[in-house]
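Colleague: Oh and the sequence shown: position 131 is 131 in UniProt numbering, straight run, nothing missing. In this text, a Cβ means the ideal position worked out from N, Cα and C, and glycines have one as well. Keep in mind that this is a model prediction, so the values were computed, not measured.
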Amino acid sequence: MEMTAIILIVCFFILLFINVPISICIALSTLIALTLHMDFTPASITISQQMMGGLDSFALLAIPFFILSGLIMGQGGIAKRLIECAMAMIGFLPGGLALVNVMSCMMFGAISGSAVAATSAIGSFMVPEMKKHGYSENFAAAVTASAATTGMLIPPSNILIIYAIASGGVSIAALFIAGYLPGILLGLALMMVCAIYSIKNNYPVTARLPFSVMFEKIIAALPSLLLVFIVIGGIIGGVFTATEAGAVAVIYALVLAVFVYKEIRLNEMPQLLLKACETTAIVMLIIAASSAMSWLLSYTHIPQMVSEFFLTLSDNPIIILLLINLILILVGAFVDMTPAVLIFTPIFLPVAMQFGMSPVQFGIMIVLNLSIGLVSPPVGSVLFVSCAVAKTAIHKIIKPMMPLYLVMFLVLMLVTYVPAISEFLPRLFGLLD
């Protein structure tokens with residue numbers, strides 16, 4: 001069994017470092033490791049069956065819907081109105097534009113569920129605006145990248161749906177509600193760093209808008225923000241499932257973008273549908289390959305081995321949970337979030353539960369942890385998008401990223417060791433015993 005794990009890990013990282021696509025890395029390394037236990041033909045058939053089985057889930061239907069709704073929102077003028085709303089509310093505070101950047105990413109991430117989409121949509125406007133007002137382009141890129149990760153926690157979030165499946169059926173509604181407080185806490189922590197950094201560097205403060213203008217900007221953004229209440233309210237109220245909520249999100253976003261804001265023409269929809277199909281295909285292939293790897297891990301009893309190993313290290317939950325976090329941070333720097341959740345949830349969730357952590361709290365912890373990986377080199381996809389938007393290089397934004405990394409880690413520690421941050425709202429709504 002140890003040899004299977006070694007072959008699996010070595011093959012995976014060799015393929016990863018020679019730039020083989022992540023889904024192919026996972027599938028090939030799984031196939032090679034399985035050939036230690038059976039001949040190539042039955043091994044390949046088994047892997048194919050497990051990949052197909054991994055996609056046989058009604059909950060996964062929510063993902064293409066939320067991907068499509070996010071694309072419609074990104075092109076439908078919603079980002080612009082959210083930025084104007086944030087500007088009206090907090091733009092006059094110290095480091096106002098940086099705070100607006102964070103708040104806009106939080107709101108856009110909450111309705112699109114995508115960190116990359118938030119980085120592109122918000123960053124393409126806010127980074128040039130911050131540069132125009134004297135902010136460093138590297139600081140602007142760092143703020144955009146780190147703030148975009150809040151959308152992974154604030155629902156609706158595709159990665160929380162994937163975790164629900166990987167964990168064996170944790171309530172999606174409970175996970176969605178659980179993400180609010182950690183997501184908001186992360187956003188506020190990033191805002192605090194932005195304010196201190198801006199004051200230290202004497203970045204300019206914008207003028208306070210008249211109340212009438214402020215009210216107008218907030219009202220203009222309300223239809224966009226209403227989507228969150230429709231989706232989450234419908235799921236909590238039992239009106240529809242998470243999958244049906246995704247379909248509702250598409251219809252609402254389409255009506256808003258085409259008929260209310262009039263930013264998208266109907267003849268542009270085929271292109272958006274094609275892009276949504278491409279993104280969905282990539283995500284689903286990753287999920288399928290990761291499901292096969294998860295099956296192999298279970299087949300070879302590797303999760304049990306890992307659990308026993310951790311128990312031999314210490315019986316102190318503080319130490320064990322810290323070790324799990326450090327391992328996941330390292331993993332997140334090299335592996336994309338979706339496969340990491342699918343592969344490492346079955347390994348570390350049993351260990352965390354033995355030390356008293358609920359599956360809901362662990363889900364928020366692993367998503368927040370791997371969100372740090374989204375903005376960490378060498379793989380960090382959000383970091384690359386932010387650099388492309390700001391037209392700068394990754395090594396130039398590492399310095400302004402350091403205090404942002406620090407507060408993200410501190411929030412992660414709070415989520416890890418204070419269960420109420422993740423569990424208060426689900427318990428309040430009767431979604432957690």
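Mapping the DSSP letters down to three states, classify GLY237 as helix, strand or coil.
Modeller: Along the sequence shown, read from residue 1 onward, the residue named residue 237 stands at position 237. DSSP places GLY237 in coil when its eight states are reduced to three.
Colleague: Could I get the ranges of all uninterrupted alpha helix (DSSP H) runs contained in the stretch 91-115, with 4 residues as the minimum, in chain order?
Modeller: Runs of the alpha helix (DSSP H) inside the stretch 91-115: 96-112.
Colleague: I'd like the ranges of any alpha helix (DSSP H) spanning at least 4 consecutive residues and lying wholly in the stretch 21-87.
Modeller: Entirely contained in the stretch 21-87, the alpha helix (DSSP H) runs reaching 4 residues are, in chain order, 22-34, 40-54, 62-75.
Colleague: Need the endpoints of the alpha helix (DSSP H) that LEU181 sits in, please.
Modeller: Taking the first residue of the sequence shown as position 1, residue 181 is located at position 181. 180-200 is the extent of the alpha helix (DSSP H) around LEU181.
Colleague: How about LEU71 and ILE32: do their beta carbons lie closer than 9 Å?
Modeller: Start at 1 with the first residue of the sequence shown, and residue 71 comes out as number 71. Start at 1 with the first residue of the sequence shown, and residue 32 comes out as number 32. No, they are not a contact pair.
Colleague: Are the beta-carbon atoms belonging to TYR417 and ILE372 less than 9 Å from one another?
Modeller: Numbered from 1 along the sequence shown, position 417 holds the residue referred to as residue 417. Numbered from 1 along the sequence shown, position 372 holds the residue referred to as residue 372. It is not a contact, given that the beta carbons lie outside the stated cut-off.
Colleague: Work out the CA separation of SER294 and GLU308 for me, nearest whole Å.
Modeller: Numbered from its first residue, the sequence shown carries residue 308 at position 308. Numbered from its first residue, the sequence shown carries residue 294 at position 294. Rounded to the nearest angstrom, the two C-alpha atoms are 18 Å apart.
Colleague: Are the Cβ atoms of VAL375 and MET337 separated by less than 9 Å?
Modeller: One-based indexing of the sequence shown puts residue 375 at position 375. One-based indexing of the sequence shown puts residue 337 at position 337. No; because the gap between Cβ atoms is not below 9 Å, this pair is not in contact.
Colleague: Taking all protein chains shown into account, do 16 or more other C-beta atoms lie within 10 angstroms of the C-beta of GLY363, making it buried, or fewer, making it exposed?
Modeller: The sequence position of residue 363 within the sequence shown is 363, counting from 1. So GLY363 ends up on the buried side.
Colleague: In chain order, what residues of the same chain lie with their CB nearer than 6 Å to the CB of ALA98, ignoring the 5 residues before and after it?
Modeller: Position 98 of the sequence shown, counted from the first residue, corresponds to residue 98. Contacts found: VAL143, CYS194, SER198.
Colleague: Can you list, in chain order, the residues of its chain with a C-beta nearer than 6 Å to that of LYS396? Leave out the 5 residues immediately preceding and following it.
Modeller: As a working mapping, residue 396 is identified with position 396 in the sequence shown. Within the same chain, LYS396 has close Cβ partners ASN138.
Colleague: Can you tell me whether DSSP reads GLY134 as helix, strand or coil?
Modeller: In the sequence shown, the residue the question calls residue 134 occupies position 134. In this structure, GLY134 counts as coil in the three-state DSSP scheme.
Colleague: Have a look at ILE324 and ALA43 and give me their C-alpha separation to the nearest angstrom.
Modeller: For the purposes of this step, residue 324 is taken as residue 324 along the sequence shown, with counting starting at 1. For the purposes of this step, residue 43 is taken as residue 43 along the sequence shown, with counting starting at 1. Cα to Cα, ILE324 sits roughly 31 Å from ALA43.
Colleague: Taking 9 Å as the cut-off, decide whether the C-beta atoms of LEU227 and LYS217 are in contact.
Modeller: Position 227 of the sequence shown, counting from 1, holds the residue named residue 227. Position 217 of the sequence shown, counting from 1, holds the residue named residue 217. Not closer than 9 Å, so no.
Colleague: In this structure, does DSSP put PHE334 in helix, strand or coil?
Modeller: Your numbering for residue 334 matches position 334 in the sequence shown. Here PHE334 sits in coil by DSSP.
Colleague: GLY332: which of MET365, GLY246, GLU278, LEU186 sits nearest, CA to CA?
Modeller: Position 332 of the sequence shown, counted from the start, is the residue given in the question as residue 332. Selected option, being the one with the closest Cα: MET365.
Colleague: Between which two residues does the alpha helix (DSSP H) containing PHE429 stretch?
Modeller: By 1-based counting over the sequence shown, the position of residue 429 is 429. Where PHE429 is concerned, there is no enclosing alpha helix (DSSP H), given that its DSSP letter is neither H nor E.
Colleague: Check LEU402 in the structure and name its three-state DSSP category.
Modeller: The sequence position of residue 402 within the sequence shown is 402, counting from 1. Here residue 402 turns out to be Met, not Leu, going by the sequence shown. Correct three-state label for MET402: helix.
Colleague: If you compare alpha carbons, which of PHE211, MET191, ALA173 is closest to ALA148?
Modeller: Here residue 148 corresponds to residue number 148 of the sequence shown, with the count starting at 1. It is MET191 whose Cα lies nearest to the Cα of ALA148.
Colleague: Classify PHE355 as helix, strand or coil using the three-state DSSP reduction.
Modeller: Residue 355 sits at position 355 when you count from the first residue of the sequence shown. Looking at PHE355 - three-state DSSP - the assignment turns out to be coil, as it is neither helix nor strand.
Colleague: Have a look at VAL248 and ALA5 and give me their C-alpha separation to the nearest angstrom.
Modeller: Working through the sequence shown from its first residue, we reach residue 248 at position 248. Working through the sequence shown from its first residue, we reach residue 5 at position 5. Roughly 43 Å separates the two Cα atoms.
Colleague: Can THR243 and LEU412 be called in contact, C-beta distance under 9 Å?
Modeller: Within the sequence shown, the letter at position 243 stands for residue 243. Within the sequence shown, the letter at position 412 stands for residue 412. No, Cβ-Cβ distance for THR243 and LEU412 is not below 9 Å.
Colleague: Smallest Cα separation from GLN49: which of SER290, PHE334, ASN369?
Modeller: Taking the first residue of the sequence shown as 1, we reach residue 49 at position 49. Checking every option, the nearest Cα to that of GLN49 belongs to SER290.
Colleague: Anyone know if the C-beta pair for GLY96 and VAL20 falls short of 9 Å?
Modeller: Taking the first residue of the sequence shown as 1, we reach residue 96 at position 96. Taking the first residue of the sequence shown as 1, we reach residue 20 at position 20. Result no, Cβ atoms of GLY96 and VAL20 do not sit closer than 9 Å.
Colleague: Thinking C-beta only, is ILE232 closer than 9 Å to ILE184?
Modeller: Locating residue 184 in the sequence shown gives position 184, where the first residue counts as 1. Locating residue 232 in the sequence shown gives position 232, where the first residue counts as 1. No, these two residues do not count as a Cβ contact at 9 Å.
Colleague: On the three-pair Cβ rule with 8 Å, is the stretch 115-126 touching the stretch 64-80?
Modeller: The stretch 115-126 vs the stretch 64-80: in contact.
Colleague: Can you give me the C-alpha to C-alpha distance between LEU266 and LEU254, rounded to a whole angstrom?
Modeller: The residue labelled residue 266 in the question sits at position 266 within the sequence shown. The residue labelled residue 254 in the question sits at position 254 within the sequence shown. When rounded, the distance between both Cα atoms is 9 Å.
Colleague: Taking C-alpha atoms, which residue in GLU263, LYS200, LEU321, GLY109 lies nearest to ASN369?
Modeller: Residue numbering aside, residue 369 sits at position 369 when the sequence shown is read from its first letter. The shortest Cα separation from ASN369 among GLU263, LYS200, LEU321, GLY109 belongs to LEU321.
Colleague: Indicate whether VAL389 and ALA141 have their beta-carbon atoms separated by less than 9 Å.
Modeller: As a working mapping, residue 389 is identified with position 389 in the sequence shown. As a working mapping, residue 141 is identified with position 141 in the sequence shown. Going by C-beta atoms, VAL389 is nearer than 9 Å to ALA141.
Colleague: Is SER386 near the ligand FAD, in the sense that its beta carbon is under 8 Å from a heavy atom of that ligand?
Modeller: This structure does not include the ligand FAD; it has no bound ligands of any sort.
Colleague: What residue range does the alpha helix (DSSP H) around ILE286 cover?
Modeller: Here residue 286 corresponds to residue number 286 of the sequence shown, with the count starting at 1. Here the alpha helix (DSSP H) through ILE286 covers 269-299.
Colleague: Compute the distance between the beta-carbons of ILE22 and ILE286, then report whether it is under 9 Å.
Modeller: In the sequence shown, the residue the question calls residue 22 occupies position 22. In the sequence shown, the residue the question calls residue 286 occupies position 286. A contact, by the Cβ cut-off of 9 Å.
Colleague: Cβ atoms of GLN354 and LEU311: under 9 Å apart, would you say?
Modeller: Taking the first residue of the sequence shown as 1, we reach residue 311 at position 311. Taking the first residue of the sequence shown as 1, we reach residue 354 at position 354. Contact: yes.
Colleague: If you count every other CB in all the chains shown that lies within 10 Å of the CB of residue 434, and 16 or more means buried, which is it?
Modeller: For residue 434 there is no data in the structure shown, the boundaries of the chain being 1 and 433.
Colleague: Locate the alpha helix (DSSP H) running through GLY246, then write down its first and last residues.
Modeller: Translated into positions along the sequence shown, residue 246 becomes position 246. Taken as a continuous stretch (DSSP letters only), the alpha helix (DSSP H) holding GLY246 covers 242-255.
Colleague: Measuring CA to CA, which of PRO426, VAL341, ILE329, PHE409 is closest to PRO378?
Modeller: As a position in the sequence shown, residue 378 is number 378, starting the count at 1. Checking every option, the nearest Cα to that of PRO378 belongs to ILE329.
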